[in-house]
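Okay, so the sequence shown: first residue is 0 according to numbering that gives the first Met the number 0, each after it adds one.
Ideal Cβ placement from N, Cα and C applies to all residues, glycine included.
Read the structure below first, then the notes.
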Amino acid sequence: MNQKPSPAIQTGLARLAAEQEWFDKITGRVGYLCHSASVNERLEHGATVLKRLFGKRLRALFAPQHGLATDAQDNMIESPHFFHNHFQLPVYSLYSETRVPTAEMLAETDHLVIDLQDNGARVYTYIWTMVLSLEACGKAGVPVTVLDRPNPMGGERVEGNISESGFRSIIGWLPLPMRHGMTAGEIAQFAVQHWGIDCELQVIPMQGWQRNMRFEDTGLPWVLPSPNFPSLDTSGVYPGTVLFEGSSLSEGRGTTRPFELIGHPQLDAYRFIEQCHDSMEKVGIKGCRLRPATFVPTFDKHAGQACNGFQLHITDPATFLPWITGQWLLRELFREMGKQFSWRQPPFEYVYDKLPIDLLNGSDKPRLWIEKQGAMEELQALEDAHREEFMEQRRQVLRYPD
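Given below as structure tokens:
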């Protein structure tokens, strides 16, 4: 226990490695749910750190969507179970024939440690892999420790409608707004306190993190947590532009700027952007500009075709609201493109009977608002529904100062 944590922000992983008190609370055989972004301040992988700490007590690794190495693409592209030759440990994929750790997978685990870098949006599957693991461990009598990490978007703002139970999927298992403003550790506590997950849980909190911090303020190294989340620029726009996954437009997958580039081979980009810039201020869209861009995706939608569109640039993070901006852009593109615009069809994230856009929204109400070309006040009402109750529940689990 002689490893010294960084003098800046200390993650849960750093504190586990440095503080005897936390080490002593993890007993028996250990399983570790992690991915490529599960690193310490020196970019050592957490499995290396835990192997050094626990030795032969570390018995198994578990991997979320995209795999242990974060090399698999999105939406039902599964990762296999395998034996890791370097760590000499089995790796169980929780994005395979199952999204839940089975009793067989947990047979050699007396204590599960979860260490995932979330991105702060409801549709990012890692928080739901964590929640489902909490539930499975509760049934198996396996205690869980969550090693907390920063929310890249900070922990102050909450945006978007709260997802509905009728649209449950691995991108929205339980009621949560698109931008939840919580860390993974806080969501784990929320699950136990408000979603009825019966599990013996402890969270090793960060030290030094504050809610107004974005990831770039922490001094910690950034490692992409998924293949299409290459930079911190992605985090600022993601809660809005991820919605384009549910449409016929490319959301920039297959480019070096996924979720920042939006386009379609048939879009008159220059005209559309001029119209948007003329009306942005009137409807309250602030803190961003659209720059004309043409791009050719190497895979995914419109692969090999020139897509005309735009790059969404954040000019003022303090006033930019990604969720409302994304919904507004979809409304405008739905009208502008006419028959060239369509909604992506199922299956999507293992759901075969609902439109992907409705799963992304956790509701069909935003899509219906887009289709009827509703007023911005109606969209605001969708966002405000049930918000007061959620914010009070959220307040009860927040661990970090403003």
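Under the three-state DSSP convention, the category residue i falls into
i	result
K3	For K3, the predicted structure reports a pLDDT of 48, less than 50, and the residue's modelled location is therefore unreliable. The matter cannot be settled from this model.
Q310	strand
P346	coil
T47	helix
A268	helix
E18	coil
N39	coil
A62	strand
Q379	helix
N150	coil
H34	coil
T128	helix
N160	strand
Y399	coil
H110	strand
V99	coil
I203	strand
L359	helix
P176	strand
L12	helix
G27	coil
S168	strand
L242	helix
Member of the options whose CA lies at the smallest distance from the CA of residue i
i	options	result
G286	T318, H301, G303, N307	T318
G253	L359, E20, N227, Y269	N227
P149	L354, A7, S362, G30	A7
T108	R28, Q265, D267	R28
F81	E43, P291, L93	L93
L105	L60, T124, T69	L60
M177	C306, P365, E376	P365
V407	V202, G165, D23	A query on residue 407 cannot be resolved here, the shown segment of the chain reaching from 0 to 401 and no further.
G66	F53, L32, K50	L32
K55	A68, T101, G30	G30
I88	I76, T69, A62	Before going further, note that residue 88 is Leu rather than Ile in the sequence given. Selected option, being the one with the closest Cα: A62.
F298	T255, A17, H312, Y125	T255
I169	D232, S95, Q9	S95
Beta-carbon gap between residue i and residue j smaller than 8 Å
i	j	result
I272	L289	yes
V122	G180	no
L329	S278	no
P238	E158	yes
V141	I113	no
G207	G11	no
S234	P151	yes
C198	V282	no
E215	L359	no
L131	R98	yes
L266	M375	no
P444	L354	Summary: the structure shown does not reach residue 444, with the chain confined to residues 0 through 401, and so no result is reported for it.
E382	N160	yes
Distance between residue j and residue i (C-alpha atoms, nearest Å)
i	j	result
G262	H85	42 Å
E331	F189	36 Å
R394	Y91	34 Å
Y349	P204	33 Å
Q310	P400	34 Å
D315	A380	24 Å
L15	L133	20 Å
V48	Q116	16 Å
E163	P174	6 Å
P4	E40	Any reading at P4 needs caution, since the residue's pLDDT is 45, under 50, leaving its predicted position unreliable; the model's value is listed next. Each residue's alpha carbon lies about 8 Å from the other.
T324	F389	22 Å
T128	T182	14 Å
S38	K138	The question names Ser, but residue 38 is Val in the sequence shown. Using only the alpha carbons, I get a separation of about 29 Å.
Q304	A268	15 Å
P264	Q72	23 Å
E250	Q19	46 Å
V241	D352	20 Å
G373	S35	42 Å
V236	S341	22 Å
K50	W221	22 Å
F22	Q326	45 Å
G154	A120	11 Å
Q274	H301	25 Å
A13	V295	41 Å
Chain D contact for residue i (CB, 8 Å cutoff)
i	result
Y351	The structure shown contains no chain D; it is built from a single protein chain.
Endpoints, alpha helix (DSSP H) assigned at residue i
i	result
E391	386-394
M336	321-336
R366	364-370
Proximity test, residue i beta-carbon vs the ligand HEM heavy atom, cut-off 7 Å
i	result
D70	The ligand HEM is not among the ligands present in this structure, which contains no ligands whatsoever.
Boundaries of the beta strand (DSSP E) in which residue i is found, first to last residue
i	result
H83	81-83
G262	260-263
R290	287-294
H193	Careful: H193 lies outside any beta strand (DSSP E), inside the alpha helix (DSSP H) at 183-193.
S247	Here S247 belongs to no beta strand (DSSP E), and DSSP marks it neither H nor E.
V90	88-92
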